[in-house]
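Protein chains in written order, with the working numbering: chain L, 295 to 624; chain B, 295 to 624. Ideal placement from N, C-alpha and C gives every residue a C-beta, glycine not left out. Computed from a prediction, not measured in an experiment: that's the story for all the values here.
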DNA sequence: TTAAGGTCCGCAATCGTTTGCGGAAACATT
DNA sequence: AATGTTTCCGCAAACGATTGCGGACCTTAA
């Protein structure tokens with residue numbers, strides 16, 4: 295461990311540690327001459343402050359945590375990339391853990407975050423988190439938590455959300471315009487807040503319009519399930535004219551089924567999805583989708599976090615707007 | 295900051311800090327009775343050791359670093375997910391930074407890693423890293439670095455690699471078996487070690503076989519470039535019968551071009567790729583590919599890292615084997 | 001000449017742990 | 001009774017930085 299410390303610099307310069315420390319941060323108490331000397335030596339010796347010592351002393355960590363169910367996922371990935379960009383700009387380190395949707399792992403992770411005294415946490419809770427004591431402990435230690443994607447029901451928590459209702463409504467409007475009546479709608483895990491939000495919004499929209507639309511809802515927790523479900527749906531005699539997918543994962547499954555049955559999009563089956571934007575453009579024609587950008591959400595989450603840390607945030611919830619991106623799949 | 299410390303526990307129990315510390319780690323010097331008392335109080339008070347203090351004292355950080363050009367990338371993503379799984383199992387925290395392929399950012403990141411005294415670093419260097427001083431400083435501080443994917447030319451560095459030559463050869467063999475002669479091969483950035491490795495291997499294979507194969511090489515640094523390139527290639531009068539893509543990114547671009555020209559795979563154009571496995575299965579028929587699993591590479595990298603940390607590793611390079619996954623695209 | 005004020009720097013406590021060492025008390029051995 | 005062994009625990013020094021406070025020295029003004 296060939297590390298240069300304040301002590302070493304002080305000794306070779308024949309001055310005190312405090313002088314070195316102050317010189318390095320341009321404290322006015324230090325004369326220009328000594329400051330220059332210190333800075334020069336520090337530079338040639340490649341001095342780098344020991345983050346642990348600093349954090350221990352100053353009680354603030356310059357590390358922020360991020361917890362997602364899975365990293366291997368377009369949406370989370372773009373969220374993470376976005377948050378990382380911002381944290382780097384602010385000189386913060388990012389500590390990332392995944393829960394695998396397991397509440398037990400989730401609470402272990404929270405422990406690790408607490409032990410590492412992260413100065414803030416971005417969290418997407420698992421689909422079946424019931425015990426919030428781990429999160430409460432964070433709050434008790436004044437560690438702000440900004441929830442995203444799947445958030446706790448408690449409205450008194452900081453959060454950034456996609457405009458779920460708006461997104462579903464945008465998709466619904468687009469579907470309504472096609473004039474097609476028979477719609478199959480694929481939703482994800484029932485435990486997720488976004489599932490409920492989107493489903494309710496979609497159903498409400500068509501109920502209020504009463505346009506003779508026949509909407510059938512299905513649930514699938516992953517791509518494979520979605521594929522099987524859609525295959526069954528499309529093989530039935532009374533097959534739908536439109537398929538709505540509430541996420542990229544489901545879209546992938548649906549498209550596999552459609553391709554296997556060699557159905558032409560949009561002639562034989564229309565497709566629309568809520569998506570992060572990457573998957574829809576892989577197909578030809580491009581799938582029409584309502585964008586829910588993890589990247590944008592990440593930026594939003596970060597500004598929210600900064601506001602929370604500085605204690606200036608009265609707002610609890612920030613919403614990332616949705617926008618319809620037209621492809622050729624309707 | 296409502297944190298319980300050893301001191302607090304010691305005071306309320308009327309014993310010394312050292313006793314509490316030892317009791318908590320089941321030191322034999324401490325009697326069962328006091329140990330129980332300490333453990334109980336620590337539990338009810340939700341004691342959690344201050345990681346900074348521990349690390350400062352013990353000089354070992356329980357944090358490992360990981361640096362990639364981009365997080366938003368199937369391959370890196372799966373690598374990260376894999377490494378995270380392992381680190382969590384070992385109670386380690388993972389600190390992730392991206393370089394955006396910018397050497398300046400890269401060296402800043404290295405600084406952050408050093409300041410945070412990571413106990414090890416997984417690094418994929420940028421396509422144009424020339425100055426390795428930042429990495430050398432890590433070595434001087436005895437921080438092991440395990441390179442992956444794009445690695446420095448210096449053979450005296452720890453690294454895990456995909457079997458690039460083997461992967462290219464496997465793909466070449468599969469192409470040879472089709473009997474098709476005109477092949478267009480798409481490669482990535484010339485600055486990447488994997489580009490060179492794969493290209494050389496592919497060219498050597500066909501040169502040695504001299505099977506009358508007409509191989510043309512193209513370069514594209516991203517999906518859009520690949521798309522344009524392939525469009526031009528396929529519009530030419532003398533269009534190839536097979537397209538080889540050395541990565542998922544290029545495959546995406548190639549497939550977009552193919553779909554736009556409404557060419558049938560594999561009848562009108564054969565496709566094969568080296569891939570992480572996610573993209574090829576999105577199409578129908580599934581694309582035949584040689585698997586280069588980021589997930590497996592991650593596992594391998596982690597075991598290599600553990601060996602390096604314990605100082606037990608004589609081996610410098612570990613190789614992750616390749617395997618051909620047959621789809622219906624040849 | 002003396003008091004006031006400014007400039008520049010060092011002392012020492014502190015953050016929360018870990019750990020070598022020494023020592024008191026209890027017990028066992030001749 | 002004297003000596004040797006355990007058993008159990010506390011003292012205090014680190015780890016590397018930050019920072020309030022005080023003090024030495026010099027300048028300036030009355």
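Give every residue of the same chain whose Cβ lies closer than 6 Å to the Cβ of residue i, excluding the five residues on either side of it in the sequence, and list them in chain order.
i	result
residue 588 of chain B	369, 372, 373, 570
residue 362 of chain L	370, 392, 418
residue 269 of chain B	Any answer about residue 269 of chain B is impossible in this case: the structure gives chain B only from 295 up to 624.
residue 515 of chain L	483
residue 466 of chain B	496, 499
residue 493 of chain L	481
residue 404 of chain B	428
residue 349 of chain L	355
residue 478 of chain L	510, 527, 534, 537
Would the beta-carbon of residue i be found less than 6 Å away from any heavy atom of the ligand MG?
i	result
residue 459 of chain B	The ligand MG is not part of this structure, which contains no ligands at all.
Does the beta carbon of residue i sit closer than 7 Å to a beta carbon anywhere in chain L?
i	result
residue 374 of chain B	yes
residue 380 of chain B	no
residue 578 of chain B	yes
residue 640 of chain B	For residue 640 of chain B there is no data in the structure shown, the boundaries of chain B being 295 and 624.
residue 495 of chain B	no
residue 417 of chain B	no
residue 390 of chain B	yes
residue 366 of chain B	yes
residue 551 of chain B	no
residue 409 of chain B	yes
residue 509 of chain B	no
residue 404 of chain B	no
residue 371 of chain B	yes
residue 350 of chain B	yes
Quickly, what does DSSP pair residue i with across the bridge? List them, please.
i	result
residue 358 of chain B	B:388, B:414
residue 512 of chain L	L:480
residue 564 of chain L	L:536
residue 442 of chain L	L:454
residue 583 of chain B	B:567, B:619
Quick one, which of the options has its alpha-carbon nearest residue i's?
i	options	result
residue 316 of chain L	L:306, L:308, L:300, L:305	L:300
residue 551 of chain L	L:522, L:504, L:413	L:522
residue 578 of chain B	B:349, B:560, B:405, B:325	B:560
residue 424 of chain L	L:446, L:409, L:575, L:451	L:446
residue 344 of chain L	B:411, B:310, B:342, B:546	B:411
residue 488 of chain B	B:531, B:513, B:383	B:513
residue 620 of chain B	B:580, B:530, B:604	B:580
residue 378 of chain L	B:375, B:379, B:389	B:389
residue 628 of chain L	L:438, L:323, L:338	In the structure displayed, chain L extends from 295 to 624; residue 628 of chain L sits before or after that span and is not available.
residue 452 of chain L	L:507, L:598, L:474	L:598
residue 414 of chain B	B:341, B:360, B:426, B:520	B:360
residue 535 of chain L	L:545, L:557, L:554, L:476	L:476
residue 384 of chain B	B:442, B:364, B:358	B:358
residue 335 of chain B	B:318, B:322, B:365	B:318
residue 342 of chain L	B:402, B:314, B:438	B:402
Only counting the same chain, and skipping five residues up and downstream in sequence, which positions put a Cβ closer than 7 Å to that of residue i?
i	result
residue 505 of chain L	470
residue 399 of chain L	393
residue 616 of chain L	456, 457, 460, 461, 464, 584, 585, 586
residue 444 of chain B	418, 419, 421, 486, 487, 488
For residue i, report the span of its alpha helix (DSSP H) as first-last.
i	result
residue 316 of chain L	311 to 318
residue 572 of chain L	Element bounds for residue 572 of chain L: n/a, residue is neither H nor E.
residue 589 of chain L	588 to 603
residue 321 of chain L	Premise fails: residue 321 of chain L is in no alpha helix (DSSP H) and is neither H nor E.
residue 473 of chain B	Element bounds for residue 473 of chain B: n/a, residue is neither H nor E.
residue 341 of chain B	Premise fails: residue 341 of chain B is in no alpha helix (DSSP H) and is neither H nor E.
residue 379 of chain B	368 to 383
residue 429 of chain B	427 to 434
residue 547 of chain L	542 to 554
Which first and last residues belong to the beta strand (DSSP E) in which residue i is found?
i	result
residue 614 of chain B	611 to 614
residue 619 of chain L	617 to 619
Quick one: what's got a C-beta closer than 8 Å to residue i's C-beta in the same chain, skipping five residues either side?
i	result
residue 614 of chain L	454, 455, 456, 457, 586, 587, 590, 591, 594
Looking at chain B, is there any beta carbon in it that lies within less than 7 Å of the beta carbon of residue i?
i	result
residue 651 of chain L	Here chain L has residues from 295 to 624 only, and residue 651 of chain L is not among them.
residue 395 of chain L	no
residue 611 of chain L	no
residue 347 of chain L	yes
residue 342 of chain L	yes
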